[in-house]
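Protein chains: 2
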Amino acid sequence: MDNGKNGCSFLDKVLNIVKQERASNTPLIRFKHPKDLEAILDLDVTIGVDDEKLEQCVREVLKYSVKTDKSIFRNQLYGGTDPYGLSGAWIAEAFNTSQYTFEVAPAFTLIELKMLRHILNLVGIPNGDGIFSPGGSLSMLYGLVAARYKAFPEVKMKGMRALPEVVVFTSEDSHYSIKKAAHWLGFGTESVKVVKTNENGQMVVKDLEEMILMEINSGRYPLFVNATAGTTVLGAIDNLEIVADICKKYAVWMHVDACWGGSLLLSQKHRSKLRGIEKADSISWNPHKMTGAPLQCSVFLVREKGLLHEANSAAAQYLFQQDKFYDVSYDTGDKSVQCGRKIDAFKLWMMWKARGDSGLCQLTDHVMKTAEFCMETVARRPGFRLVSEVLQCPNVCFWYIPRFMREKDENENWWALIHKITPKIKELLTMSSQLMVAYSPLRNHKNFFRLAFTFHPKLEEAHVLDMLLAIEECGEKVTMAML
Amino acid sequence: MDNGKNGCSFLDKVLNIVKQERASNTPLIRFKHPKDLEAILDLDVTIGVDDEKLEQCVREVLKYSVKTDKSIFRNQLYGGTDPYGLSGAWIAEAFNTSQYTFEVAPAFTLIELKMLRHILNLVGIPNGDGIFSPGGSLSMLYGLVAARYKAFPEVKMKGMRALPEVVVFTSEDSHYSIKKAAHWLGFGTESVKVVKTNENGQMVVKDLEEMILMEINSGRYPLFVNATAGTTVLGAIDNLEIVADICKKYAVWMHVDACWGGSLLLSQKHRSKLRGIEKADSISWNPHKMTGAPLQCSVFLVREKGLLHEANSAAAQYLFQQDKFYDVSYDTGDKSVQCGRKIDAFKLWMMWKARGDSGLCQLTDHVMKTAEFCMETVARRPGFRLVSEVLQCPNVCFWYIPRFMREKDENENWWALIHKITPKIKELLTMSSQLMVAYSPLRNHKNFFRLAFTFHPKLEEAHVLDMLLAIEECGEKVTMAML
């Protein structure tokens with residue numbers, strides 16, 4: 001290919017642009033309000049521009065983009081990427097193909113199968129099956145579809161109208177994707193029965209059993225329990241062993257949403273927190289979260305081999321011909337609800353190949369050690385108060401209580417003020433580019449902060465102390481301004 | 484960051500690896516059967532390896548991967564990528580973030596909105612809304628969900644059991660994703676009513692109207708017509724204007740699956756083929772197909788502003804807080820069924836910014852010219868026979884009839900032999916790395932070839948002639964071996 005308008009020369013510039021725009025001295029964020037940013041950026045595409053101008057526009061976009069690879073990006077459950085994973089993502093993009101058939105993705109198909117096999121062994125379901133999906137919410141859909149098809153195979157042809165009234169269970173701290181899934185799949189959100197959590201965010205399993213019984217007595221069919229291994233906010237892990245017992249007793253499908261906490265399975269030390277996961281009927285795990293695979297990298301696993309294919313196949317004649325010249329059982333696309341499907345397994349394979357089981361184990365242990373340090377520090381630091389004192393996943397949740405509010409009567413007004421101050425502190429932290437941190441209310445808890453930790457970049461204790469200091473400083477500045 | 488086991492130095496190697504493994508002298512494919520390829524590749528990840536060994540393993544994987552960027556890759560409706568698009572994909576991966584909130588993706592959010600606006604103008608629905616989705620099949624799900632919610636908002640809470648019996652319509656040549664969608668969403672595949680197509684692959688609109696009336700008379704609710712602008716095999720475009728009239732008459736939602744043919748809208752000359760698309764209620768288009776954005780780049784559009792949000796929102800408190808310090812209407816994530824969502828708009832923006840409307844117009848005209856040349860050549864070349872003689876999208880479908888079969892009685896056995904020989908020719912073409920071409924049966928047609936053309940790499944007439952020659956040569960070789 002020639003250069004110039006063919007754009008090939010632009011590819012040569014990408015690495016430099018990325019390196020320069022992510023350089024260590026660039027701020028985490030240069031926040032601009034939407035309308036202001038619209039006025040700054042030259043986004044119109046009507047008239048083409050030359051490479052020089054394009055580079056300028058791209059750099060401007062990146063200047064105002066968040067540098068999620070910095071240690072002070074703690075806004076979400078993802079963050080910096082594993083450089084091996086990023087290398088894999090780049091290569092997969094360059095070798096642009098779809099995961100559906102062996103003929104167009106021979107090596108990538110084997111890699112997806114190998115990674116699924118390795119992960120199935122890791123979770124303790126060696127004979128299961130799985131697929132990479134475009135995110136945890138889609139994995140939730142896969143789980144519900146599999147459970148429904150297993151219980152009522154007629155649903156595929158006849159739809160939900162042919163089924164009895166079906167209910168699914170999830171904890172109040174679980175991810176909202178189950179509600180979206182219940183809507184999309186035609187269950188309706190009312191079919192989602194929400195089980196209370198204890199103070200540490202774990203499903204109250206006694207309530208689960210009672211609720212299942214109640215639903216059965218009301219003539220409804222309990223289809224699916226969504227246990228969570230790593231809730232979004234507190235990082236809580238439900239008691240999977242007891243959930244498994246209950247599911248077995250009432251013949252309910254057990255799904256484990258381990259999108260966040262699944263990464264703990266990589267650690268010899270911490271994997272016991274997910275004990276019972278090996279009894280699940282289906283599991284989702286997002287290596288694009290804690291583990292640092294570039295977005296998207298999401299795994300859906302299912303115990304019963306063949307079920308994914310049976311449930312989802314449509315046997316398209318133009319794609320999954322049975323008269324091909326090779327073993328078409330390697331055409332895995334008909335297990336998927338997607339047609340074209342990105343090569344998300346390759347980046348994970350590269351990370352894993354580079355680090356091996358032990359390398360990933362070390363990163364997991366380190367991330368948990370960092371979170372432990374953070375929790376211990378928060379526990380004894382004046383002005384900080386933990387929301388939950390049990391470290392399950394590497395989430396540390398706490399309120400910052402400004403000096404002038406300490407040792408006051410913690411009545412409704414006091415909490416209302418905390419609720420207001422927390423987002424204000426976050427605003428100041430963001431505006432000053434010191435830290436991007438999550439905040440959230442939860443159940444009866446007013447707005448609090450969540451510091452969650454991920455594999456990349458690797459943090460030291462000093463980083464954590466800096467973050468807490470920044471929160472403290474901004475917390476006091478904010479209250480000064482309010483007084 | 485330091486190098487070595489942190490993997491940053493590996494990123495520096497990626498461009499070279501990609502360039503070398505995609506060099507012009509590498510074969511399109513080095514086909515190995517699955518078991519043989521498994522034996523060659525070192526895929527196990529249990530033990531980590533050093534960078535040198537990793538590079539070796541990666542190169543081996545790429546050696547046996549298909550070079551989809553070559554002109555002789557005509558196996559699917561995607562192919563080579565636009566280098567600007569690939570640059571955009573690499574940058575988006577490096578700036579790893581999710582499209583859900585403005586705070587973590589400020590510039591990327593504005594870019595998605597800008598691209599949606601530009602594309603909405605292009606299709607003629609300037610006041611509509613949209614979202615980038617992970618592929619055309621997901622866009623089909625979005626379409627059905629939007630239509631269902633619009634007609635029966637109670638479905639969100641109550642599910643499909645609260646609805647009357649609902650049916651949807653699609654042509655027999657349309658994409659199989661509507662069947663998967665009907666299963667997943669709880670309609671059941673029986674609710675998909677298949678309308679016949681004419682010899683050029685277009686929906687017989689007279690039948691559509693009759694079928695709608697019949698369903699109404701049987702007490703079922705006609706919800707959704709899926710018109711296709713560019714069927715997978717023949718590239719047929721349904722008569723969108725008439726479909727729109729019928730949909731309006733019976734108050735049925737009109738969806739246009741323009742995943743493949745939507746790219747023709749980029750051309751002043753060819754856009755009239757999609758006349759009527761501006762009357763649709765929803766549209767899907769995959770710029771990762773003809774236009775050459777790297778996989779995945781898929782757009783779902785809807786006429787009614789606000790509907791996507793209303794239908795899909797779950798208002799997660801931890802993510803879409805309403806007490807943020809900026810205008811949260813820029814948090815677009817709750818329009819989506821996904822939570823984390825890749826920055827798929829950025830690569831498309833880069834391509835468009837580089838080329839402008841006129842650059843993309845030229846590429847569209849060129850691809851259609853190439854297809855026209857191919858069709859004309861096939862029409863008059865001995866031994867080739869067109870399946871459809873009308874060029875709609877840049878798909879050219881034909882049988883190759885080996886010499887010994889020409890001017891014979893074309894009875895059932897003759898066609899059975901053609902059906903068998905076609906995949907054999909494909910096998911030989913693949914094994915000899917001369918050409919990867921699609922084949923398929925369709926309706927009563929026995930297996931035939933499909934040459935479909937995409938923007939990248941830009942083909943000349945000589946490329947097309949080489950492909951036809953390769954088919955001819957392999958066609959004769961195969962029959963020699965069979966005789």
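Residue numbers (this note's numbering), protein chains in the order written: chain A, 1 to 483; chain B, 484 to 966. All residues carry an ideal CB built from backbone N, CA and C; glycine is no exception.
- Of the other Cβ atoms in all chains shown, 16 or more fall within 10 Å of the Cβ of E698 (chain B); this residue is therefore buried.
- Annotation: F169 (chain A) to L442 (chain A) spans about 19 Å, alpha carbon to alpha carbon.
- Straight across, the Cα-Cα distance linking H902 (chain B) with A964 (chain B) is about 16 Å.
- The criterion of a C-beta distance shorter than 9 Å is not satisfied by T580 (chain B) and Y813 (chain B).
- A distance below 9 Å separates the beta carbons of V192 (chain A) and A182 (chain A).
- For D690 (chain B), the enclosing alpha helix (DSSP H) stretches over residues V688 to N700.
- Proximity of N312 (chain A) to chain B, defined by a Cβ-Cβ separation below 9 Å, is satisfied.
- By the rule that beta-carbons nearer than 9 Å mark a contact, M290 (chain A) does not touch chain B.
- Among the bridge pairs identified by DSSP, Y221 (chain A) is matched with A:V166.
- Under the DSSP definition of a beta bridge, T454 (chain A) lacks any partner.
- Taking one beta carbon from each stretch, the region 606-626 of chain B and the region 159-177 of chain A have fewer than 3 pairs nearer than 8 Å; the two do not touch.
- Residues of the region 671-688 of chain B whose Cβ lies closer than 7 Å to any Cβ of chain A, in chain order: G671, T672, E673 and S674.
- A direct Cα-Cα distance of roughly 51 Å separates L234 (chain A) from T509 (chain B).
- Counting only the Cα atoms, A776 (chain B) lies some 39 Å from M254 (chain A).
- Look at the beta carbons and you see the region 98-108 of chain A not touching the region 587-603 of chain B: under three pairs across the two are nearer than 8 Å.
- The alpha helix (DSSP H) runs lying completely inside the region 91-171 of chain A and spanning 4 residues or more are 106-123, 136-151 and 155-158, given in chain order.
- With a 10 Å radius around the Cβ and a threshold of 16 neighbouring Cβ atoms, S218 (chain A) comes out exposed.
- The contact set of E165 (chain A) on chain B, defined by CB atoms closer than 8 Å, consists of R644 in chain order.
- Proximity of Y547 (chain B) to chain A, defined by a Cβ-Cβ separation below 9 Å, is satisfied.
- Between V478 (chain A) and the set A:S267, A:K458, A:L468 and A:K426, the nearest pair of CA atoms involves A:K426.
- In the structure shown, the three-state DSSP call for P382 (chain A) is coil.
- For M350 (chain A), the secondary structure class from DSSP, reduced to helix, strand or coil, is helix.
- In this structure, W352 (chain A) sits away from L363 (chain A), with a CB-CB distance that is not shorter than 9 Å.
- For L784 (chain B), the uninterrupted beta strand (DSSP E) run begins and ends at S781 to V785, by DSSP.
- One alpha carbon belongs to D245 (chain A), the other to F493 (chain B), and they sit about 46 Å apart.
- Y801 (chain B) is a Cβ neighbour of S440 (chain A), given a cutoff of 9 Å.
- Within the region 495-512 of chain B, D495, K496, V497, L498, I500, V501, K502, E504, R505, S507 and I512 place their CB atoms closer than 9 Å to a CB of chain A, listed in sequence order.
- In the three-state scheme derived from DSSP, where H, G and I count as helix and E and B as strand, D257 (chain A) is classed as strand.
- One Cα belongs to L952 (chain B), the other to A315 (chain A), and the distance between them is close to 32 Å.
- With respect to H939 (chain B), T564 (chain B) sits close: the two C-beta atoms are nearer than 9 Å.
- Excluding its 5 nearest sequence neighbours in each direction, T715 (chain B) has C-beta neighbours in its own chain below 6 Å: H658, listed in chain order.
- By alpha-carbon distance to T370 (chain A), the top candidate from A:P423, A:M290, A:N16 and A:I40 is A:M290.
- DSSP places M919 (chain B) within a strand segment (E or B) once states are collapsed to three.
- For the options A:K335, A:R220 and A:K206, the alpha carbon positioned closest to that of G306 (chain A) is the one of A:K335.
- Across the region 836-858 of chain B, CB contacts with chain A closer than 8 Å involve K836, A837, R838, G839, D840, S841 and G842, in sequence order along the chain.
- I212 (chain A) and N444 (chain A) have their alpha carbons spaced roughly 25 Å apart.
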